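The letter at position 99 of the sequence shown is residue 99 when you use the working numbering, and the numbering goes up by one with no holes.
So the structure is just underneath, and the comments pick up after that.
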Amino acid sequence: MPCSSQPHFIVAEHGGCVNFKVGDKVVYPNHGVGVIEQVAKRSIGELESSFYCLRILSTDSTVMVPVDNTQAVGLRKVLTRRETNRVLKGLKDGEVTTYDDWKGRFQANSEKMRTGDIKAVAEVLKSLTMLNEIKPLSYRERKMLDRARFLLVSELAEASGKKSETVEEQIDTALSDSLKGLKGKEH
1 MPCSSQPHFI
11 VAEHGGCVNF
21 KVGDKVVYPN
31 HGVGVIEQVA
41 KRSIGELESS
51 FYCLRILSTD
61 STVMVPVDNT
71 QAVGLRKVLT
81 RRETNRVLKG
91 LKDGEVTTYD
101 DWKGRFQANS
111 EKMRTGDIKA
121 VAEVLKSLTM
131 LNEIKPLSYR
141 ERKMLDRARF
151 LLVSELAEAS
161 GKKSETVEEQ
171 IDTALSDSLK
181 GLKGKEH
């Protein structure tokens, strides 16, 4: 399906290049897993540029990313199966970063979410899950927690070939084990 027939596009900007081909499954930061459907040339004034046209699987929306800017926007391949195990291990065993200041915490977590780094997204999920055990989250942090969970579940499911429900159970188990370890340190 040609990219130009889609009504909504997000055009990513910045610099740096990573090469992908049609059919590659990729992760677009804060949007999730997508598939490269086409490499298209577009003219902007006198300048002609190549764009990856990718379909975000969860929303069926189309995103255009300039080929020369893929690295800067954080477009990357989906994790390998081995990397999924490392992410789950990090949820279970890794340290939790906490901030007393709400603004500092929100800003740091927002930056992590924007990077597209799945380990950073997992850190946000873990720290907000732990904080939610102590006190209710604000509306914005609750939305961020839900978004981090969605991004993590969708990528781990895609990478492992497992159903989302199975991956959610694995994440919940890892977070529960981490919470038990945290409570054990407090006592």
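All C-beta atoms in this analysis are idealised placements derived from N, C-alpha and C, irrespective of residue type, glycine included.
Given the structure is predicted, the values throughout are model-derived calculations rather than measurements.
The three-state secondary structure of G34, taken from DSSP, is strand. Cβ contact annotation for L145 (same chain, cutoff 8 Å, sequence separation greater than five): V124, L125, L128, T129, N132, L137, in chain order.
Pairing E111 with R147, the inter-Cα distance amounts to about 14 Å.
Taking K77 as reference, the option from Q38, G23, V63 with the minimal CA-CA separation is G23. Separation of G90 and T97 (C-alpha to C-alpha, rounded to the nearest whole angstrom) is 13 Å. Taking C-beta atoms as the reference points, I118 and E155 count as a pair closer than 9 Å. Shown here, V22 sits in coil according to DSSP, grouped into three states, outside any helix or strand.
Per DSSP, the continuous alpha helix (DSSP H) segment holding L125 begins and ends at 118-134.
Listed as beta-bridge partners of L145 by DSSP are no residues whatsoever. Of the residues assessed, E46 falls on the exposed side of the cut-off, its CB having fewer than 16 other CB atoms within 10 angstroms. Scanning the region 24-110 from its first residue to its last, the whole beta strand (DSSP E) runs of 3-plus residues come out as 25-28, 32-44, 47-56, 61-66.
C-alpha of V39 to C-alpha of R55: approximately 12 Å in a straight line.
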